[in-house]
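Number of protein chains: 2
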Amino acid sequence: MPRWPTDSRARLVDAALGLFGEHGYAATTIDEIAARAGVTARTFFRHFGDKEEVLFSDDDSLMPHLITTILEPTGQVSAEQLMNRALTSLAQAMQPEREALRARQRIVDTEVSLTGRELAKQARWQQAVTEALIERGFPAEHADVLSAIGFALFVRSLHTWLADDDGPDLVTRVQDALPRVRTVLDVVSTR
Amino acid sequence: MPRWPTDSRARLVDAALGLFGEHGYAATTIDEIAARAGVTARTFFRHFGDKEEVLFSDDDSLMPHLITTILEPTGQVSAEQLMNRALTSLAQAMQPEREALRARQRIVDTEVSLTGRELAKQARWQQAVTEALIERGFPAEHADVLSAIGFALFVRSLHTWLADDDGPDLVTRVQDALPRVRTVLDVVSTR
DNA sequence: CGAGTGATGTCAGAAACTGTCATAGCAGCA
DNA sequence: TGCTGCTATGACAGTTTCTGACATCACTCG
């Protein structure tokens with residue numbers, strides 16, 4: 001029998017998400033989170049560098065998935081084909097988690113600093129994708145713009161999918177958005 | 001004669017930028033900033049909501065400039081033409097500030113939280129631009145993608161311009177990047 | 001059985017932030 | 001001139017986040 005119950009980290013995540021949902025992010029203290037998880041505040045900071053990180057430590061698992069999809073050797077592909085494959089695969093992986101993602105997004109949207117942290121994480125993903133595209137054989141000056149556009153499309157689709165109660169699913173939204181890049185520069189204003 | 005010297009806010013900004021540059025962002029305390037500015041820490045927090053804000057309170061002046069350019073009634077224009085005008089105008093406004101921007105960027109790049117804050121501010125700008133595009137007569141579903149692409153291009157150009165010691169100026173970089181969006185989806189990987 | 005390891009607790013403390021009240025120039029007005 | 005309110009600031013106490021240092025004790029490996 002171990003001296004302490006195992007899985008402190010998981011219990012801290014649960015406690016934090018629960019309390020953030022109940023009382024808001026700013027209104028819950030580390031002491032409260034630690035108490036609900038049955039540990040001390042010091043243990044919280046051993047698992048998470050700061051209060052925000054408890055909201056962002058989980059979803060790192062999707063990143064390798066995305067990179068693998070991009071690097072998968074499938075012969076010559078156009079950027080559009082590859083982007084379609086990668087974004088579809090990511091969307092499929094996220095789709096079952098809709099409710100959890102929604103709860104998390106509700107919390108993130110209440111604090112500018114959390115939004116910033118999310119965007120900083122996205123920027124790191126985007127950088128990793130750019131490097132993968134270069135390794136896959138795309139010229140560097142295109143890889144950069146490609147991953148920027150891909151992320152812009154994906155994030156926009158994700159947010160509307162989480163916000164809308166109904167409407168198309170995430171995969172459909174992503175696949176619909178992609179071809180529009182091709183013509184968007186030619187749209188003309190009405191005044 | 002006023003009871004205190006005027007311009008506390010400006011002196012706080014100067015003190016903060018100086019100390020951040022000399023000792024780093026994390027290593028300088030609010031007390032040190034306040035002392036150099038000749039005020040107390042409480043006064044710092046009256047002018048800036050938190051330690052980070054002293055780095056971000058200034059450049060809000062460029063936003064109205066950008067929005068005005070977009071809303072300027074110039075008859076029917078394509079998205080590409082308008083984006084070219086808006087980004088060029090913004091680049092021209094920023095170009096003379098290169099050294100100040102560089103110093104600030106050096107500081108921002110040392111801390112993830114500062115990067116996040118910068119990205120969050122960019123996201124607010126992007127939202128404002130999207131709304132301006134809609135008011136200008138672009139359909140909502142395109143305005144969103146347009147501003148996302150525009151910002152991606154501009155930020156990339158800005159960062160390389162600040163990082164490179166020589167090479168083309170910001171306006172040139174921005175104008176070179178824009179037409180590439182049109183073809184980027186057709187680029188083919190070499191393996 | 002003894003040495004090391006790893007996750008935790010305990011404690012002290014720095015630094016970031018907040019609420020509250022006091023102070024003293026200054027501006028407007030009778 | 002004198003009164004009144006306003007505003008920027010100081011003073012101070014308190015909370016919360018985060019860090020460093022050291023102790024504890026079940027578990028494991030030899």
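From first to last, the protein sequence lines are chains R and G. Those letters in the first sequence? Residues 1 to 191, by my numbering. Those letters in the second sequence? Residues 1 to 191, by my numbering. All residues carry an ideal CB built from backbone N, CA and C; glycine is no exception. Quick caveat: nothing in here was measured; it's all calculated off a predicted structure.
Fewer than three Cβ pairs drawn from the stretch 46 to 54 of chain R and the stretch 71 to 87 of chain R lie within less than 8 Å of each other, which leaves the two stretches out of contact. The beta-carbon separation of V174/G and F151/G, rounded to 11 Å, does not stay under the 8 Å limit for a contact. H159/G counts as exposed, since fewer than 16 other C-beta atoms from the protein chains shown sit within 10 angstroms of its C-beta. Here S78/G carries a strand assignment [DSSP, helix/strand/coil]. Taking the beta carbon of V112/G as reference, the chain R residues within 7 Å of it are A120, listed in sequence order. V39/R sits in coil when the DSSP states are folded into three classes, being neither helix nor strand. In the three-state reduction of the DSSP assignment, V13/R falls in the helix class. The DSSP-derived three-state label of V112/G is helix. Separation of W161/G and M94/G (C-alpha to C-alpha, rounded to the nearest whole angstrom) is 11 Å. Secondary structure note for F48/R: it is in no alpha helix (DSSP H), with a DSSP letter that is neither H nor E. Cβ atoms of R136/R and L90/R stay farther apart than 8 Å, at about 16 Å. By the C-beta density criterion, V187/R is buried, having at least 16 other C-beta atoms within 10 angstroms.
At a C-beta separation below 7 Å, T190/R has these neighbours in chain G: G137.
No Cβ-Cβ contact shorter than 8 Å links T130/R with A120/R.
Taking 8 Å as the threshold, the shortest C-beta distance from S89/G to chain R does not fall below it.
By the neighbour-count definition (other C-beta atoms within 10 Å, threshold 16), E22/G is an exposed residue.
Under the three-pair Cβ rule at 8 Å, the stretch 109 to 119 of chain R does not count as touching the stretch 29 to 36 of chain R. Excluding residues up to 5 positions away in sequence, L90, A93 and M94 lie with their Cβ nearer than 8 Å to the Cβ of L62/R in the same chain. Runs of the beta strand (DSSP E) spanning 3 or more residues and lying entirely within the stretch 116 to 176 of chain R do not occur at all. Closest by C-alpha distance to R106/R, out of R85/R, T69/R and A163/R, is A163/R. Burial is judged here by how many other beta carbons sit within 10 angstroms of a residue's own beta carbon; A16/R has at least 16 and is buried.
In the same chain as L19/G, and ignoring 5 residues on each side of it, the C-beta atoms closer than 7 Å to its own belong to T28, E32, I33 and R36, in chain order.
Between P179/G and the set L185/R, L178/R and D50/R, the nearest pair of CA atoms involves L185/R.
At a cut-off of 8 Å between beta-carbon atoms, Q127/G makes no contact with chain R. Contact between I67/G and A128/G is confirmed by a C-beta separation of about 6 Å, below the 8 Å threshold.
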